[in-house]
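One rule links them: number in my numbering = place in the sequence shown (from 1) + 266.
Just so you know, even glycine gets a beta-carbon here, dropped at the ideal spot from N, CA and C.
Scroll down for the structure; my scribbles are underneath it.
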Amino acid sequence: MKNVKTWNQSVVKKGNKTIVLETIIESFPISRAKIANRTGLNKGTVSSLVQELLDEKLIDESGPGESSGGRRPVMLLFNEVAGYSIGIDIGVNYLLGVLTDLQGNICNEHLVKFSNLSYEEIKSKLFDTIDLLTSSAPSSPYGIIGIGIGVPGIVSNDGKIVLAPNLGWVNIDLQSTLQKKYDVPIIIDNEANAGAYGEKRFGVGKEFSDIIYVSIGIGIGVGLILNGELYKGNNGFSGELGHMTIEVHGENCRCGSKGCWELYASEQALLNKAKQLEITVPNNEETSLEYLLTLAEDGHKDAIQLFDKIGEYIGIGIKNIFNTFNPEQVIIGNRIAVAEKWIKEPIHKRLINQTLWPHQENLQLNFSELSTHSTALGIAAYSIENFLDSNLKSKSETIS
Ligand SMILES: [Zn+2]
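Structure follows, in structure tokens:
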């Protein structure tokens with residue numbers, strides 16, 4: 267019996283400290299009395315938990331807050347600069363790294379563009395980016411609290427990159443490699459999972475709990491938030507919907523299958539079609555999404571039709587996912603989000619005409635506002651959550 271009681275006390279303690287910190291993070295500056303009021307915890311408990319958080323430098327005290335006549339209370343603030351998180355989005359032709367504080371505010375960022383690099387070459391750019399961001403972090407009690415990497419491929423639940431077809435990576439253990447070099451927690455996940463989380467935390471997904479996030483760049487990845495939580499499937503394989511078949515006798519894909527969605531609805535598909543139509547670019551440069559957008563703005567019929575066709579294919583894929591999961595919201599993110607003006611209508615048309623009728627009425631279709639930063643911010647936020655979690659747990663275990 268004694269053991270059970272001890273275990274219960276420890277659980278209660280953990281829970282309360284988390285609640286106090288979460289209350290401060292949500293609504294600082296806030297007084298001790300207000301925390302007690304809002305959480306229903308008694309003042310003594312709040313005071314001792316606040317003292318622990320102050321000792322751990324996770325929160326700060328500031329000058330007096332608003333007075334309601336009597337003595338002015340001391341206000342508590344979340345110490346968002348107690349540590350910094352690094353989030354990296356490895357794309358097929360770029361690498362974007364951000365350094366954020368514990369609130370997810372971007373303090374520094376670094377973008378590298380490339381094409382057709384080997385794993386070793388990308389790894390060296392990754393190390394350079396991590397080193398650059400680390401050295402730019404202001405000094406703080408906890409320093410770098412974690413490094414997160416989003417990759418365009420299948421990542422197993424233990425962080426191994428099983429397959430990233432557009433990078434040509436098979437069975438890569440990037441996590442162990444990074445763990446050997448950097449003495450902080452390392453998280454690796456699919457870029458669309460991280461992007462979905464970024465949108466839920468900081469973007470257009472804040473108000474929703476069932477979200478399909480479709481990340482469209484050179485390839486397509488899909489992240490699912492179900493009941494407010496990231497859905498990763500049994501083996502973390504849920505993000506590979508870019509390779510669902512939409513044309514049975516379609517083109518060959520790098521994944522080994524045929525007629526995959528991303529062959530028809532990605533940025534790469536758009537660029538391939540533009541080449542076939544011989545849309546020429548001045549100065550013999552490669553055609554680009556940005557160039558096609560300027561053509562569309564100038565009324566170039568072929569360019570407008572290309573976006574229309576891509577939008578239609580995006581809509582077909584989303585419809586399939588939509589009918590399976592019946593989410594509240596669909597978010598289009600990553601590079602293609604900048605083409606909203608040209609692809610929104612054809613996507614919408616496909617969904618309205620073909621989605622099973624009971625689902626249509628509440629359909630919420632949004633384009634990402636974080637756009638190219640969803641993945642890097644999302645994966646940086648994972649690390650922050652893990653850091654706060656493990657910090658609260660380890661402290662309360664030693665106390666109980
Ligand atoms: Zn494929």
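Check: Simplified DSSP assignment, three categories, for F633; Outcome: strand
Check: Buried or exposed (CB count within 10 angstroms, at least 16 for buried), E517; Outcome: exposed
Check: Contact check, L654 vs L643, beta carbons under 8 Å; Outcome: no
Check: Pairwise C-alpha distance: E318 and E528; Outcome: 51 Å
Check: C-alpha gap between W273 and S384, whole angstroms; Outcome: With a pLDDT of 42 at W273, under the threshold of 50, the modelled position of this residue cannot be trusted, and the question is left open.
Check: Neighbour-count burial assignment, V514, 16 or more Cβ in a 10 Å radius; Outcome: exposed
Check: Rounded C-alpha distance that separates I427 from I545; Outcome: 37 Å
Check: Contact with chain D by L561, beta-carbon distance below 8 Å; Outcome: No chain D appears in the structure shown, which is made up of a single protein chain.
Check: Limits of the beta strand (DSSP E) - the one that L492 falls within; Outcome: 486 to 492
Check: Any heavy atom of ligand 1 within less than 6 Å of residue CB: hits in chain order; Outcome: H509, C519, C521, S523, C526
Check: Beta-carbon spacing of R601, I438 below 8 Å; Outcome: no
Check: Residue environment, G414, which counts as buried when at least 16 other CB atoms sit within 10 Å; Outcome: buried
Check: Three-state class that DSSP yields for S276 in the structure shown; Outcome: Unreliable placement is indicated for S276, whose pLDDT of 46 sits below 50; no coordinate value is reported for it.
Check: Cutoff 6 Å; reference I645; Cβ partners in own chain excluding five residues on either side; Outcome: G353, G414, G416, A460
Check: Proximal residues to A458 (C-beta, below 7 Å), its chain only, five neighbours per side dropped; Outcome: Y479, S481, G487, V488, G489, G505
Check: Close-in-space but distant-in-sequence residues of the same chain around V286 (CB under 8 Å, 5 per side omitted); Outcome: I301, T305, L307, V312, L315, V316, L319
Check: Through-space distance from Q369 to G469, alpha-carbon basis; Outcome: 14 Å
Check: Per DSSP, cross-strand counterpart(s) of A216; Outcome: Any question about residue 216 goes unanswered here, given that the chain covers just 267 to 666.
Check: Inter-residue spacing [alpha-carbon to alpha-carbon] between S422 and N303; Outcome: 43 Å
Check: Where Y648 sits in the DSSP three-state scheme; Outcome: helix
Check: Whole-Å CB distance - I477 paired with I597, under 8 Å assumed; Outcome: 6 Å
Check: Where the alpha helix (DSSP H) containing Q542 begins and where it ends; Outcome: 533 to 542
Check: Counted within 10 angstroms of its Cβ, other Cβ atoms place D321 as buried (16 or more) or exposed; Outcome: exposed
Check: Short Cβ contact (8 Å threshold) for I609 with I576; Outcome: yes
Check: DSSP bridge partner residues for S297 (one or two, in chain order); Outcome: M341
Check: Cβ shell of K389 (< 8 Å), same chain only, five flanking positions each side left out; Outcome: L440, T443
Check: DSSP state of V450 mapped onto helix, strand, coil; Outcome: coil
Check: Per-residue DSSP class, three states only, for K379; Outcome: strand
Check: Proximity below 8 Å, CB of I580 to CB of A531; Outcome: yes
Check: Option in K659, Q630, N282 with minimal Cα separation from E473; Outcome: Q630
Check: beta-carbon S402 near ligand 3 non-hydrogen atom, thresh 7 Å; Outcome: Absence of ligand 3 from the depicted structure is noted, with ligand 1 being the only ligands included.
Check: Alpha-carbon to alpha-carbon, P418 and N371; Outcome: 24 Å
Check: Residues that V596 bridges to, as DSSP identifies them; Outcome: I478, L631
Check: Closest Cα partner of V378 within the set G363, E288, E386; Outcome: G363
Check: I570 versus A603: straight-line alpha-carbon distance, rounded; Outcome: 16 Å
Check: Nearest-angstrom Cα separation, counted from V340 out to G434; Outcome: 56 Å
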